[in-house]
Structure formats: C-alpha cells, structure tokens
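Chemist:
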Amino acid sequence: MAKITAGVFTSHVPAIGAAMDMGKTGEPYWQPLFRGYDYSKQWMKDNKPDVIFLVFNDHATAFSLDMIPTFAIGTAESYQPADEGWGPRPVPVVQGHADLAAHIAQSVIQQDFDLTIVNKMDVDHGLTVPLSLMCGQPPPSDFHWPCPVIPFAVNVVQYPVPSGQRCLNLGKAIRKAIESYDEDLNVQIWGTGGMSHQLQGPRAGLINKEFDGAFMDLLISDPEAQAAVPHIDYVREAGSEGIELVMWLIARGAMSDLNGGPAPTVKHRFYHVPASNTAVGHLILENN
Ligand code: DHB
Ligand code: FE
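Read left to right, the sequence shown gives residues 115 to 402 (my numbering).
Here's what the structure looks like:
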C-alpha cells in the first residue's frame, strides 16, 4: 500500500524563485535564506519520494474571480509552469500522477469533502517555488523534477477561505485515501505558503515573528489546538496573506500521530526574515 513518509512545510515567496532563476542565491541578501534549505536539498536526495502531494494556493493564475474552488485536486498527466506576467519560470514541466490523484478524489469525496477535479491547470509560484527550494534547480542535462507531483489547490486568496479545522480534517481524509492506494508508494505531503505577510493596504510589510514561532511550535506539538484558531486571528496577527498558513494544517492532518500513530520527528526547522515582503518558515517532519 502507499504510505505517507513525511510532511514538508515551506513558504513560497515568488522572489525566491526569481533569485534562483537569475543566479542570485549567493548574494548577501539571499545567502542566509538559501543556507536554511541546504539541509533540505540533501534530505530530499536521501529520502526521494515516489510522489509528492503538494498543497498550495493559486494566485489568480489558473483560477480567477470567475471561478473559485475552495479545494481543487489536479488529476492531469502534467502541469505547465504558469506565465505570471514575466514569462513562465525556466523550470521543468510538473509531471502528475493521474491514477493516484483519481483514487484520492474518489476516496476524499466519499469521505464528504467536496473537491473540484482539475484536468488542466498551469501552476504558479505557489507550487514551483517550494519545489525549487527543496529540489534545487534541475540541470539542463537532467531537466525534470525528482518525482511526480499531485497539485492540491486551496483558496486562500478570495474570501471566504476554509477554516483551519476543516483543513486539518481534510488532511486526515487525504491520509486515508493515500494509504488505501494499492501500490507500494512512498508519498510526501507538503503544506506551503505563509508565513506572516501582507502585500497591500496600510499594513503592507507586516511581519509577526512571535505569531510565526508560536504557529510552528503548535503545528508540531498540538496541531488540534492550532486548528481551533479562527481565520480572523491569522489575518489580524499574521497579515492578510498570513492566512496562507492554514494550508500547513492539511499536510499536518495527514501525519501519523493525528491518525492513531506516534509523533513525528522534527528533522529540520528554519525561520528567516525577510524574503521580499514575507517571513519564511520551513519544517521537515518525518513520520515514525
Ligand atoms: C510575496 C509573497 C507571496 O506569498 C506572494 O504570493 C506574492 C508575493 C512577496 O512577499 O513578495
Ligand atoms: Fe502567496
């Protein structure tokens, strides 16, 4: 059967992707940020998954105000990097896992979560920047991501957004779905976005290190308590885009300890300010 081996959590700031694409990772501004992912890139090589289930948010790229799915699962064979206004990022096409994705859709919908099925979708920085941070830039001679990816898009851009509690519960349903797939696959689940940031209005530039630290503490040690925090607290404390953090609860809900198993091991924890307008947070939790 398929099993979830680890949860990976990381911010997705678009300027990080631009820094990698333009060869600026060694510049003094960026060096401390990328140093925090050196461990992670080696860990990915040592723990290469068969599939990544990647929870992310689209930024009005594939979707728009015309259509706003709360939860959307990618069931396509592949996904093109999106053109977000400066041309698509020079990164590989994302290969999907259509069969596992269809199985998860079937199982999760039968567990009473209404997913939107997406058979065609371009993927923006919300998905490609976490891949770049964790996998590095694939060289031209070997231009692909290390494994297939199932994109799972969450609406955290246009109100109303899903609650943390619903996200945690959805993660538990996704775990059941993955672990009932009849093939020995090692699956990682990634929760992306955050940490505190606000991009517009009078509070633009807001960062809240205390909130971010407490969020990571509770996400590790008591995710049920973190799930009880209402969406308005994220917006008030962590900024209008800080609400992206509820996506981390989907990945956390899929881990063993929330489903009758032992607590995960914290393999890596990193926090850095600033990256563009954003605080960057990152965790790797291994299931035991
Ligand atoms: C920035 C952060 C984001 O999460 C995003 O989607 C776009 C921009 C930023 O800090 O620049
Ligand atoms: Fe974002």
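Every residue, glycine too, gets a C-beta built ideally from N, C-alpha and C.
Between ASN300, GLU351, TYR295 and MET235, which has its C-alpha nearest ALA174's C-alpha?
Modeler: Answer by Cα proximity: MET235.
Chemist: Which residue marks the beginning of the alpha helix (DSSP H) containing GLU338, and which one marks its end?
Modeler: Here the alpha helix (DSSP H) through GLU338 covers 337-341.
Chemist: Should ILE187 and ALA215 be called a contact, given that it needs their Cβ atoms to be closer than 8 Å?
Modeler: Yes; because the gap between Cβ atoms is below 8 Å, this pair is in contact.
Chemist: Over the uninterrupted alpha helix (DSSP H) stretch that includes GLY367, give me the two end residues.
Modeler: Note, GLY367: alpha helix (DSSP H), 360-367.
Chemist: Reducing DSSP to helix, strand and coil, say where ILE321 ends up.
Modeler: In this structure, ILE321 counts as coil in the three-state DSSP scheme.
Chemist: Here's the rule: buried if 16 or more other CB atoms are within 10 angstroms of the residue's CB, otherwise exposed. What is ASP160?
Modeler: That one is exposed.
Chemist: Between which residues of its own chain and PRO262 is the CB-CB distance below 7 Å, once the five residues before and five after are set aside?
Modeler: Excluding positions up to five away in sequence, the list reads VAL165, GLN209, GLY210 and HIS211.
Chemist: The ligand DHB heavy atoms versus the CB of ALA196: any closer than 7 Å?
Modeler: Not so, every heavy atom of the ligand DHB lies at least 7 Å from the Cβ.
Chemist: Does the ligand FE have a heavy atom nearer than 7 Å to the CB of HIS396?
Modeler: Checking the Cβ of HIS396 against the ligand FE gives no.
Chemist: When you compare only the Cα positions, how much space is there between LEU313 and GLU297?
Modeler: Straight-line Cα distance between these residues: approximately 43 Å.
Chemist: Does SER390 come out as helix, strand or coil in the three-state DSSP assignment?
Modeler: Coil, per DSSP.
Chemist: Helix, strand or coil for GLU191? Go by DSSP, reduced to three states.
Modeler: Of the three classes helix, strand and coil, the one that applies to GLU191 here is coil, per DSSP.
Chemist: When every heavy atom of the ligand DHB is checked, does at least one fall within less than 7 Å of the C-beta of ALA129?
Modeler: Yes, the ligand DHB has a heavy atom inside 7 Å of this Cβ.
Chemist: Cβ atoms of THR306 and GLY131: under 8 Å apart, would you say?
Modeler: No, these two residues do not count as a Cβ contact at 8 Å.
Chemist: State yes or no: is the C-beta of ASN269 nearer than 7 Å to some heavy atom of the ligand FE?
Modeler: No - the ligand FE has no heavy atom lying nearer than 7 Å to the Cβ of ASN269.
Chemist: Flag this pair as yes or no: are the beta carbons of LEU359 and GLY308 separated by less than 8 Å?
Modeler: In contact: LEU359 and GLY308 (Cβ atoms closer than 8 Å).
Chemist: Taking only heavy atoms of the ligand FE into account, decide whether any of them is closer than 7 Å to the Cβ of ASN391.
Modeler: The answer is no for ASN391.
Chemist: Quick one: what's ILE288 bridged to in DSSP?
Modeler: Note: ILE288 sits in no beta bridge, so no partner.
Chemist: DSSP has ASN171 in a bridge; who is on the other side?
Modeler: None; ASN171 has no bridge partner.
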